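Student: Heads up: the sequence shown at position 286 corresponds to 290 in our numbering, and the numbers run straight through without jumps.
In this text, a Cβ means the ideal position worked out from N, Cα and C, and glycines have one as well.
Please read all numbers here as calculations on a predicted model, not as lab measurements.
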Amino acid sequence: MDNLGTDVVVAGAGPTGLMLAHELALAGVDVVVLERLPERTGLSKALNLQPRTAEILELRGLLDGAEERSFTTVQDGHFAMIPVDYHCWDTRFPFQMGIPQAQVEEYLEERLAAQGTKVVRGAEVIDFVQDKDSVSVRYRTDGGETRLRAKYLVGCDGSRSVVRKGLNVDFPGVDGQGFGVVADVLFDEIPAGAQKQWRTMRNIGEPTGATTFKGLIPLGEPGLYRFVYGDRASRPKNIRSAISHEEVRQALLDSYGETATVSEIRWASQFSDAARQAEHYRVGRVLLAGDAAHIHFPAGGQGLNLGVQDAMNLGWKLAANVRGWAGDALLDTYEAERHPVGAQVLHNVAAQLGLTPRSHESRALRDLFAGLVTLPEVNRHLGGMVSGLGIRYMTYGTSHPALGSRLNDQELDTEAGPIRPSTLFHDGGFVLLTTTAAHVDAARAQARSPRLTTQLVTSLPWPATEAVLYRPDGYACWTAPTR
């Protein structure tokens with residue numbers, strides 16, 4: 005059968021797809037989420053939210069619910085296991101939040117359901133056909149095949165994306181040369197020397213010249229640890245093959261000896277250091293986000309965060325197009341803004357892997373680099389890169405330091421008292437911070453959106469500036485100088 009009438013089909017119910025669906029539903033867009041798996045796996049997978057992702061969730065009033073599921077906070081990040089401090093950035097969240105991906109997905113799906121949108125599980129996308137007006141998506145469930153027609157399709161269906169393959173978009177990059185394994189292990193007896201708190205991914209251990217790595221990360225529950233091991237110089241025959249629990253037990257024995265006694269291995273999976281990025285994020289009425297658009301080695305804890313930030317950038321633009329107040333020019337800025345960000349992440353991950361000491365010369369390079377990181381300017385640059393705080397979109401030029409930069413969510417004074425600007429973004433609209441009502445009409449003309457919240461403040465944190473207009477994703481897109 006051929007169902008008509010939905011606005012957007014999102015393929016994939018991971019963090020990227022769920023965040024995108026949340027943004028679309030918030031804007032009144034009819035969205036259907038198709039997920040191949042019949043139920044959530046509950047696997048922890050990624051473990052952290054970076055500072056910029058925390059800021060994004062705060063813009064939608066989602067952070068409190070995520071914090072309730074968090075098992076720790078980590079006060080710094082790392083670049084190739086070399087510590088970088090986030091406190092040099094002006095943010096309310098100069099830390100990483102330890103929260104399993106499964107908990108992020110569960111919470112986002114709960115909030116999505118509260119908006120009246122449910123995930124269709126056990127729905128495997130087979131293929132799609134698009135024309136100038138719509139996309140017809142064919143998917144399979146236990147009840148047979150169904151076609152669903154929508155205005156747009158977004159592939160958030162992971163590294164092996166059916167949507168990306170259906171687009172025939174080039175996915176250039178490099179094949180993996182090594183592998184890693186992640187497993188969640190419940191110990192009867194914790195291995196000698198294992199840390200009791202998760203500090204940073206430096207728990208994996210400082211590289212010593214070998215290509216192998218191993219480490220344990222505590223996950224909050226008594227006795228439960230993330231075990232990570234691998235070899236960057238040994239490529240597995242089949243990266244998609246399952247990892248047996250016996251293999252994990254043997255790796256634990258090889259790494260920690262008889263000091264580790266295992267009660268349960270909850271899951272195990274392997275990954276490689278392959279790096280690829282889709283040449284285009286949009287082809288007609290079909291778009292890509294998250295791992296469907298880019299894959300990389302999990303260095304610096306950037307993957308989940310990159311995908312959620314893709315979704316935040318795309319969500320309001322796609323909603324604007326569907327609702328009719330903006331056209332293709334705005335939607336095209338999704339690829340224009342996010343493709344360079346994805347490319348930069350792949351580049352910095354490659355640089356981190358390049359700092360693995362494999363020789364006398366590479367050890368000297370790493371030592372020299374570690375010394376440079378202690379310089380405030382270098383620490384700030386690397387911290388901004390890994391955390392997402394340093395992103396600045398050049399879409400609006402550089403004539404004012406606020407343009408293209410993220411919202412600083414520090415309190416601003418109003419006649420009614422101090423206010424956190426982030427609270428003004430909960431409905432997903434534009435926000436104007438201004439010292440005078442004289443700029444409201446000009447800001448409305450710039451936004452061209454029916455959703456604009458205006459907040460009069462006594463002053464702004466930029467000299468000779470009376471107004472700053474922010475997009476729904478919290479980046480400044482227009483300013484007004486002092487008259």
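List the endpoints of the continuous beta strand (DSSP E) containing His351.
Tutor: Looking at the DSSP string, His351 is not in any beta strand (DSSP E); the run it does join, the alpha helix (DSSP H), is 332–358.
Student: Scan the segment 244–276 and note each continuous beta strand (DSSP E) run of 3 residues or more that stays entirely inside, going in chain order.
Tutor: Qualifying beta strand (DSSP E) stretches, in chain order: 265–276.
Student: Please name the residue or residues paired with Asn52 in a DSSP beta bridge.
Tutor: Gly102, per the DSSP bridge assignment.
Student: Along the alpha helix (DSSP H) that carries Trp320, what are the first and last residues, could you check?
Tutor: Residues 307–327.
Student: Looking at C-alpha atoms only, which residue of Thr418, Thr462, Arg236, Lys49 is the closest neighbour of Asn309?
Tutor: Asn309 has its Cα closest to that of Lys49, out of Thr418, Thr462, Arg236, Lys49.
Student: With a CB to CB cut of under 7 angstroms and the five nearest residues on each side skipped, what residues in its chain are close to Leu171?
Tutor: Cβ neighbours of Leu171 beyond the five flanking positions: Val287, Val290.
Student: Output the distance between the C-alpha atoms of Val12 and Tyr156, rounded to the nearest integer angstrom.
Tutor: Straight-line Cα distance between these residues: approximately 5 angstroms.
Student: If I measure Cβ to Cβ from Phe97 and keep anything under 7 angstroms in the same chain, skipping five residues before and after, which residues do I get?
Tutor: Pro55, Ala58, Glu59.
Student: Quick check on the DSSP output: the beta strand (DSSP E) that includes Phe175 runs from which residue to which?
Tutor: Per DSSP, Phe175 belongs to no beta strand (DSSP E) and is neither H nor E.
Student: Tell me which residues share the same chain as Thr440 and place their Cβ nearer than 8 angstroms to its Cβ, disregarding the 5 neighbours each side in the sequence.
Tutor: For Thr440, where only same-chain residues beyond five positions count, the Cβ hits under 8 angstroms are Leu460, Glu470, Ala471.
Student: The alpha helix (DSSP H) that contains Glu365, what's its start and end?
Tutor: Glu365 -> alpha helix (DSSP H) spans 364–377.
Student: Shortest alpha-carbon distance to Ala278 belongs to which of Thr216, Gly261, Phe175?
Tutor: Taking only the C-alpha atoms, the option nearest Ala278 is Phe175.
Student: Once you ignore the five residues that flank Ser138 on each side, which residues in its own chain have a CB closer than 8 angstroms to its CB?
Tutor: Excluding residues within five positions, the ones whose Cβ falls inside 8 angstroms are Arg153, Ala154, Lys155, Arg289.
Student: Determine the closest residue to Asn325 out of Val78, Arg367, Asp34, with distance taken between C-alpha atoms.
Tutor: Measuring from the Cα of Asn325, the nearest candidate turns out to be Asp34.
Student: Which class does Arg73 belong to by DSSP, given the choice of helix, strand or coil?
Tutor: It is helical.
Student: CB-CB under 7 angstroms to Arg142, same chain, minus the five flanking residues each way: which ones, in chain order?
Tutor: Within the same chain, Arg142 has close Cβ partners Ile130, Asp131, Phe132, Glu149, Arg151.
Student: Roughly how many angstroms separate the alpha carbons of Arg452 and Ala84, rounded to a whole number?
Tutor: For Arg452 and Ala84, the distance between alpha carbons rounds to 43 angstroms.
Student: If we call anything under 8 angstroms between Cβ atoms a contact, is Pro476 one with Gly433?
Tutor: Yes, Cβ-Cβ distance for Pro476 and Gly433 is below 8 angstroms.
Student: Which residue's Cα is closest to the Cα of Lys321: Gly328, Gly311, Leu334?
Tutor: Per the Cα distances, Leu334.
Student: Which whole-angstrom value describes the C-beta separation of Leu416 and Leu436, a residue pair presumed to lie in contact below a C-beta threshold of 8 angstroms?
Tutor: The Cβ separation is near 12 angstroms, so there is no contact.
Student: When the Cα atoms are used, what is the spatial distance from Ala374 to Ile86?
Tutor: Going by the C-alpha atoms only, they are around 6 angstroms apart.
Student: Short check: CB of Gly21 to CB of Val37, under 8 angstroms?
Tutor: Yes, they are a contact pair.
Student: Quick one: grab the DSSP three-state call for Thr402.
Tutor: In the structure shown, Thr402 sits in coil (DSSP, three-state: anything other than H, G, I, E or B).
Student: Is the segment 96–111 touching the segment 64–78, taking contact as three or more C-beta pairs under 8 angstroms?
Tutor: Touching, yes, given that three or more Cβ pairs across the two stretches are closer than 8 angstroms.
Student: Should Leu24 be labelled buried (16 or more other beta-carbon atoms within 10 Å of its own) or exposed?
Tutor: Buried is the call here.
Student: Just the Cα atoms here: how many angstroms apart are Asn207 and Leu359?
Tutor: Confidence is the limiting factor: at Asn207 the pLDDT is only 42, short of 50, which leaves the residue's position unreliable, though a coordinate-based value still follows. Going by the C-alpha atoms only, they are around 17 angstroms apart.
Student: Suppose you measure from the CA of Leu112 to the CA of Gly65; what does that come to, to the nearest Å?
Tutor: So the two alpha carbons sit approximately 12 angstroms from each other.
Student: Which residue from Leu292, Gln107, Arg144, Gln134 puts its Cα closest to that of Arg125?
Tutor: For Arg125, the nearest C-alpha among the options comes from Arg144.
Student: Taking Cβ positions, are Val252 and Phe191 nearer each other than 8 angstroms?
Tutor: No; because the gap between Cβ atoms is not below 8 angstroms, this pair is not in contact.
Student: Does the contact criterion of 3 or more C-beta pairs under 8 angstroms hold for the segment 418–425 versus the segment 395–402?
Tutor: Touching, no, given that fewer than three Cβ pairs across the two stretches are closer than 8 angstroms.
Student: Assign Thr418 to one of three DSSP states: helix, strand, or coil.
Tutor: Strand.
Student: Which whole-angstrom value is the C-beta distance of Leu318 and Val167, which I expect to be below 8 angstroms?
Tutor: The Cβ separation is near 14 angstroms, so there is no contact.
Student: Which residue wins for smallest C-alpha separation from Gly69, given the options Thr45, Glu43, Glu114?
Tutor: If we check each option's Cα against that of Gly69, Glu114 comes out closest.
Student: Would you tell me roughly how many angstroms separate the C-alpha atoms of Thr212 and Ala303, rounded to the nearest one?
Tutor: In this prediction, Thr212 has a pLDDT of 48, which is less than 50 and means its spatial position is unreliable; what the coordinates show is noted afterwards. Those two C-alpha atoms are separated by around 17 angstroms.
Student: Run through DSSP, which three-state label would Asp135 get?
Tutor: Three-state DSSP puts Asp135 in coil, outside helix and strand.
Student: Using the Cβ count rule (16 or more neighbours within 10 Å means buried), how would you classify Asp431?
Tutor: So Asp431 counts as exposed.
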